[in-house]
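Student: Residue numbers (my numbering): 318 to 749.
From the three backbone atoms N, C-alpha and C, an ideal C-beta is built for every residue, glycine too.
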RNA sequence: UCCGCGUUAGCUCAAUGGUAGAGCAUUCGGCUGUUAACCGAAGGGUUGUAGGUUCGAGUCCUACACGCGGAGCCA
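#1: Could you tell me which of 370, 374, 344 and 637 sits nearest to residue 554, measuring between CA atoms?
#2: Going by beta carbon distance, what residues of the same chain come within less than 8 Å of residue 640, once the five residues before and after it are set aside?
#3: Looking only at its own chain, which residues have a Cβ that is under 8 Å from the Cβ of residue 439, when we skip the five neighbours before and after it?
#4: State the DSSP-derived secondary structure class of residue 328, mapped to helix, strand or coil.
#5: Does any heavy atom of the ligand SAM sit closer than 7 Å to the C-beta of residue 636?
#6: To the nearest angstrom, report how far apart residue 413 and residue 745 are at their CA atoms.
#7: Determine the extent of the alpha helix (DSSP H) in which residue 805 is found, giving its start and end residues.
#8: Can you pull the DSSP bridge partners for residue 490?
#9: Given a cut-off of 8 Å on the beta-carbon distance, is the pair residue 468 and residue 544 in contact?
#10: Secondary structure at residue 363, three-state DSSP: helix, strand or coil?
#11: Where does the unbroken alpha helix (DSSP H) through residue 725 begin, and where does it stop?
#12: Please classify residue 714: is it buried, with 16 or more other beta-carbons within 10 angstroms of its beta-carbon, or exposed?
#13: Does residue 458 pass the burial test, meaning 16 or more other C-beta atoms within 10 Å, or should it be called exposed?
#14: With a 10 Å radius around its C-beta and 16 neighbouring C-beta atoms as the bar for buried, classify residue 345 as buried or exposed.
#15: Under a three-way DSSP split, which group does residue 463 fall into?
#16: Relative to the alpha-carbon of residue 711, which residue among 372, 369 and 516 has its alpha-carbon at the smallest distance?
#17: Specify, as a first and last residue, the run of the alpha helix (DSSP H) that residue 628 falls within.
#18: Would you kindly report the start and end of the unbroken alpha helix (DSSP H) that includes residue 586?
#19: By the DSSP assignment, the alpha helix (DSSP H) with residue 642 in it spans what residues?
#20: Compare the C-alpha of residue 377 against each of 616, 472, 550 and 351 and name the closest.
#21: For the segment 567 to 574 against the segment 693 to 702, are there 3 or more C-beta pairs whose distance is under 8 Å?
#22: Let me make sure I understand the geometry here. Which of 547, 635, 620 and 615 has the alpha-carbon closest to that of residue 518?
#23: Just to check my reading of the structure: residue 354 and residue 534 have Cβ atoms closer than 8 Å, yes? What is that Cβ distance to the nearest angstrom?
#24: Using the Cα positions of residue 387 and residue 415, report the straight-line distance between them to the nearest angstrom.
#25: I'd like the span of the alpha helix (DSSP H) that includes residue 552, first residue to last.
#26: So, at 8 Å on beta carbons, what are the nonlocal neighbours of residue 607 in its own chain, with the 5 sequence-adjacent residues on each side left out?
#27: Smallest Cα separation from residue 356: which of 367, 375, 323 and 372?
#28: Could you name the residues that DSSP lists as bridge partners for residue 541?
#29: Taking buried to mean at least 16 other C-beta atoms within 10 Å of its own C-beta, is residue 622 buried or exposed?
#30: May I ask you to verify whether the segment 330 to 345 touches the segment 390 to 408, counting CB pairs closer than 8 Å and requiring at least 3?
#31: Going by other Cβ atoms of all chains shown within 10 Å of its Cβ, with 16 needed for buried, is residue 645 buried or exposed?
#32: Would you identify the three-state DSSP class for residue 710, choosing helix, strand or coil?
#33: Give a yes or no on whether the C-beta atoms belonging to residue 695 and residue 647 are separated by under 8 Å.
#34: State the start and end residues of the unbroken alpha helix (DSSP H) segment that holds residue 381.
#35: Taking C-beta to C-beta, are residue 454 and residue 486 nearer than 8 Å?
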């Protein structure tokens, strides 16, 4: 039943007669010759049906076969520079497996609403296939990077009893007799427990934010990878983030050139993603904004336009470190040289793609952490287990989180994050 | 939540307040090398919903629904 050969294996079968299976991507015809474009998930193949080379029934079938009809095709493989993919099939036989009548997504343009309504079919399109393959390669690069450096994958729970940073942005549910539970918005606190057991860990899974954010950079369900390392300070954390981004981008450039070409991605900025990246402090970043005519007050957090102005000053990802503690989370350690600053770092992607990494050195002192929890009005009883990490052999430690979909959007050069995940979940859409 | 724009054929879009059209898709016909092929023909409409102004509304007004873009917040 399974296909004898896939399109990406054809170079090994030139001159042979083979049978392939797939779907009709497009069709052109010129009287007594039909050009059927087969797609099978590995590539695209032009199948030539000459009237003289096949039976009357087969030629008639080639005339009737419609877009996205699944079929089996037999023919002789030949090299053909004029054809997509460089190979062509001289068809001798054709069998329809499942008809497709009036496939809604035509080869012409469509609006975004229509495409998202048909996301289950849209994923068959050439661009979407290319994006999904790059997403997969990025995920593999992420796992390879940590696995090769002695990290252990440490899976955090998806259902959690408490918020890591306030409850307004959480998806809530009833959890049997135990009251409310929530979908996780970060695995970080659990990763810290893992780092105390395994020294270097990473979590990688879906996270959820019920924020009413309606922008090209937000999903309510997205994937995040979060490494957490015992005995790392903020500088070690930044070194790792830098090496990590370079590895992901250079791996995709090497191995997914074909897909990037389908997306018509300009590679000049991606090729420059090599260490070292510029590192500027928050205070220096504020100076950059002021020099560019922005009315900005020290102590505020950067907005999207501010981030764009800062990242436009550089041609690589920028690391901004030491933010005002007031705009950052309770678990971040204060700078010993300036109590107003948190040992935090954000990494901004170039070309206006904004924040893709947020990280910090964590507060490792029990008494200070207790005080922060009080200052943020967080319920201490939910954090007792987390405080235990400081009661029993606390060590300096650091970590960061990388948003997978933002990274995919950046590397693929996409306008909107919704194309980076098979079925995007957004504030006004949870179907299909 | 706030600001702005939009909703017309299956899809993408036209249409000074005066007979709702085109391209693609579909169906039929033509073409032996097409590259979102091309050429010819046909079918296809409760103009988002509910009101209002007008001799006359796709077009103007009001409300609502849905969508898109942006802001805030964040990865």
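Tutor: Based on what the coordinates show:
#1: 637
#2: 599, 618, 658, 659, 661 and 663
#3: 422, 432, 433 and 445
#4: helix
#5: The ligand content of the structure shown is nil, which means the ligand SAM is not present either.
#6: 39 Å
#7: This structure leaves residue 805 out entirely; the chain is present only between 318 and 749.
#8: 498
#9: yes
#10: strand
#11: 721 to 729
#12: buried
#13: buried
#14: exposed
#15: helix
#16: 516
#17: 621 to 629
#18: 585 to 588
#19: Residue 642 -> no alpha helix (DSSP H), and no H or E assigned at all.
#20: 351
#21: no
#22: 547
#23: With a Cβ gap of about 35 Å, residue 354 and residue 534 do not count as contacting.
#24: 5 Å
#25: 551 to 572
#26: 613
#27: 323
#28: 522 and 720
#29: exposed
#30: yes
#31: buried
#32: coil
#33: yes
#34: 373 to 381
#35: no
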